[in-house]
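Take a look at the structure set out below.
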Ligand SMILES: C[S@@+](CC[C@H](N)C(=O)[O-])C[C@H]1O[C@@H](n2cnc3c(N)ncnc32)[C@H](O)[C@@H]1O
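In structure tokens, the structure reads:
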């Protein structure tokens, strides 16, 4: 018989009764208080998934427990289906992503956003339109990647598919994610003297001192290197840990303080730590207990930083 996780993963299970699949033993590590370990807790407890918790479990076991239409934002940086890592073995990545898109469409509030990370082909040839609207395919440009053979062009970008539920985003905080204008002053002034910009329909393209829209090609946020201060371990380099600035842009753009962010493949907790710092609530899920433990430490550290900041202004 197929396990519950396998059924949900393959998309054949809907509204089924949850039965519990125990996790592999947790090697010699003490549990952290705020982590939920499904193999140690009664189902009743799990069914009231608490915000600001990290579940050490298979995402496909936990997602059915997450309330429908409860999430403002989903950050999905899960398997890419390209490496030899165990967690990256998903068979057909497009079908895998389509199933996730279907699940997230149920969990998102109307107007809520999903950012789905992947390789350039990660949503090719699948029809996601019955579930969510694709607004942008953000190119996360990495010019310094090593050459990948001599019979093709080196892949220098990942994509982050930006979907929303319905036709209008409930949140898009452009002013919180503006980036520096790099246009020369002369050119800028010339453009602004054009009547359609001065008064007409291109008025919104006017120079803004606060910076410009980051657009859909992001070359300003570099992948972590082994020298990056925020890197938690060499093992997390490349395939696991994302830069905090990247997660920060997504979270600031598509959520507000107090909103609920779901991160079902939390890794070492980059998005969760950023949520903590930015005053967002979160539900995090990560199957690997070693990564989960690191994530938990980062969340605690972020919490401490927030408290220190508050204290600083308390006078
Ligand atoms: C690309 S990493 C996420 C990295 C994360 N964004 C960060 O910055 O730390 C993907 C993670 O998904 C986890 N994962 C893969 N399949 C999973 C599943 N079915 N349930 C829970 N976690 C899973 C892997 O263990 C891995 O840590």
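Residue numbers (my numbering): 12 to 326.
Beta carbons: idealized from backbone N, C-alpha and C, even for Gly.
With at least 16 other beta carbons inside 10 angstroms of its own, residue 84 counts as buried. About 6 Å separates the Cβ atoms of residue 127 and residue 108, confirming a contact at the 8 Å cut-off.
Beta-bridge annotation (DSSP): residue 76 is not paired with any residue.
Counting of Cβ neighbours within 10 angstroms places residue 265 among the buried residues, the total reaching 16 or more. Taking all protein chains in view, the Cβ of residue 309 is crowded by 16 or more other Cβ atoms within 10 Å, so the residue is classified as buried. Burial check for residue 191: the Cβ neighbour count within 10 Å stays below 16, so the residue is exposed. Taking 3 residues as the shortest admissible run, the stretch 64-138 contains the following complete beta strand (DSSP E) segments, listed from N- to C-terminal end: 64-67, 82-87, 119-129. Non-local C-beta neighbours of residue 73 in its own chain, meaning closer than 6 Å and more than five positions away in sequence, comprise 66, 296, ordered along the chain. Excluding sequence positions up to five before and after residue 222, its CB lies within less than 7 Å of the CB of 189, 190, 191, 192, all in the same chain and listed in chain order. Per DSSP, the unbroken alpha helix (DSSP H) holding residue 199 starts and ends at 196-203. A Cβ-Cβ contact shorter than 8 Å links residue 227 with residue 150. Contact between the stretch 208-218 and the stretch 176-190 is absent, with fewer than three C-beta pairs closer than 8 Å. Under the three-pair Cβ rule at 8 Å, the stretch 202-210 does not count as touching the stretch 236-253. Note: residue 147 is bridge-paired with 173 in the DSSP secondary-structure output. Straight-line measurement puts the Cα of residue 267 at about 27 Å from the Cα of residue 71. For residue 167, same chain residues with a beta-carbon under 7 Å away, outside a window of 5 residues either side, are 152, 153, 154, 156 in chain order. Taking 7 Å as the cut-off, one finds at least one heavy atom of ligand 1 near enough to the beta carbon of residue 299. By a beta-carbon distance limit of 8 Å, residue 276 contacts residue 87. Their separation comes to about 7 Å. Close CB contacts of residue 270 within its chain, under the 6 Å cut and outside five residues either way in sequence, are with 83, 291 (chain order). Here the alpha carbons of residue 81 and residue 75 stand approximately 12 Å from one another. At a threshold of 7 Å, residue 281 counts as near ligand 1, since its beta carbon sits closer than that to one of the ligand's heavy atoms. For the set 322, 321, 288, 303, the Cα lying nearest the Cα of residue 314 is the one of 288.
Remark: the C-beta of residue 103 is outside contact range of ligand 1, defined as less than 7 Å to any heavy atom.
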